[in-house]
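Take a look at the structure below.
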Amino acid sequence: MAQNNDWEHGSNSSNNSNGHEKKEVKNVFCVMVPGRPVNTTCLQISPTRCIMDIPKPGECKYFGISIIDPKTIPKNKGFIIYYSLPPFNEWSFIGTLHLKSPTQMMESPWMVFKKITVCPMCKIGIELKDITFVQSLEVKEETEHSKNKFIATINEEFALKVAKDLYNYLSSYVKTSPNGEMMVCPASCLEKWHEKFKEKYVLDPKFMK
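Residue 120 in numbering that gives the first Met the number 0 sits at position 121 of the sequence shown; the count goes up by one each step and never skips.
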């Protein structure tokens, strides 16, 4: 889920569109990266938005973010966490913080991007929202996670069945020798198996079940 350019506008000017002067704030949130000092400095760009920096994000496979003093957070409020990479014109949802869950430890989602190892900076956006909206995102995130896990399981099972089909096909080339059984496969055997596999799949996509 991406945000618009309001974040970028606020972080690159001394005043945002609402006339709020950005200011440095300490000891409200902290960002934790293994092997680095804890960062407790954020830039407040509006009454409801803050930004924190993670330098050299390509070296950061995991990170944590926390509300330093959860008691200061009203029960009806929570925070949405985003991240952005240069040129910082898109912000993607990565998690939430609130009174019942004041700390999040997560894998860095940006590690999948090309050239992340030379990226100088990742920005973490923190936005104050009503708790009902924050919790609705948690439900959506959990649903998406379950869906992805289910798809991954299906893909793994399918891959194993494909491997088994290939093994059964190659087993027909097993020959007995004085030293025991050995497999002697012609150079074209994989191509032949692939063609037969495609033919069976076209006739019956469910034949692997």
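Cβ atoms here follow ideal geometry from the backbone N, Cα and C, with glycine treated the same way.
Outcome for residue i when other beta-carbon atoms lying within 10 angstroms are tallied against a minimum of 16
i      : result
Tyr82  : buried
Ser13  : With a pLDDT of only 49 at Ser13, under the threshold of 50, the placement of this residue in the model should not be trusted; the figure read from the coordinates follows. The residue in question, Ser13, is exposed, as its Cβ has fewer than 16 Cβ neighbours within 10 Å.
Gly34  : exposed
Ser107 : buried
Glu126 : buried
Lys191 : exposed
Ser170 : exposed
Cβ shell of residue i (< 7 angstroms), same chain only, five flanking positions each side left out
i      : result
Ile66  : Phe28, Ile72, Leu96 and Pro101
Trp109 : Pro56, Tyr82, Leu84, Ile115 and Cys121
Cys118 : Pro56, Gly57, Leu84 and Pro85
Val37  : Cys29 and Met31
Gly9   : Since pLDDT at Gly9 reaches only 42, below the 50 mark, its modelled position is unreliable, and the value read off the structure follows with that caveat. Within the same chain, Gly9 has close Cβ partners Asn15, Lys21, Ile44, Ser45 and Arg48.
Gln134 : none
Gly94  : Ile80, Gln103 and Met105
DSSP-derived helix/strand/coil call for residue i
i      : result
Glu89  : coil
Phe62  : strand
Gly124 : strand
Glu137 : helix
Pro56  : helix
Leu96  : strand
Ile115 : helix
Ile67  : coil
Tyr188 : A small correction: the amino acid at residue 188 is Cys; Tyr does not occupy that position in the sequence shown. Helix at Cys188.
Ser219 : Limits of the chain in this structure are 0 at one end and 208 at the other, which puts residue 219 out of reach.
Asp129 : strand
Lys21  : coil
Lys76  : strand
Leu84  : coil
Asp201 : Checking the sequence, you will find Val at residue 201 rather than Asp. In the structure shown, Val201 sits in a helix (DSSP, three-state: H, G or I).
Val161 : helix
Residue from the options with nearest C-alpha to residue i
i      : options                          : result
Gly75  : Phe132, Glu23 and Thr116         : Here residue 75 turns out to be Asn, not Gly, going by the sequence shown. When only C-alpha atoms are compared, the closest one is Phe132.
Leu136 : Val111, Phe78 and Glu20          : Phe78
Phe112 : Val161, Ile130, Cys59 and Asn167 : Cys59
Val161 : Gln134, Ile130 and Lys197        : Lys197
Met51  : Ile123, Gln134, Tyr61 and Trp90  : Ile123
Residues near residue i in its chain [Cβ-Cβ closer than 8 angstroms; skip 5 each side]
i      : result
Pro69  : Leu98 and Pro101
Lys128 : Thr47, Lys76, Gly77, Phe78 and Ile79
Asp203 : none
Cβ-based neighbour list, residue i, same chain, cut-off 6 angstroms, excluding 5 preceding and 5 following
i      : result
Gly63  : Met31 and Met104
Asn26  : Thr39 and Ile67
Lys49  : With the sequence shown as reference, residue 49 is identified as Cys, and Lys is not the correct amino acid for it. Excluding residues within five positions, the ones whose Cβ falls inside 6 angstroms are Cys41, Gln43 and Ile125.
Val24  : Cys41 and Gln43
Asp164 : none
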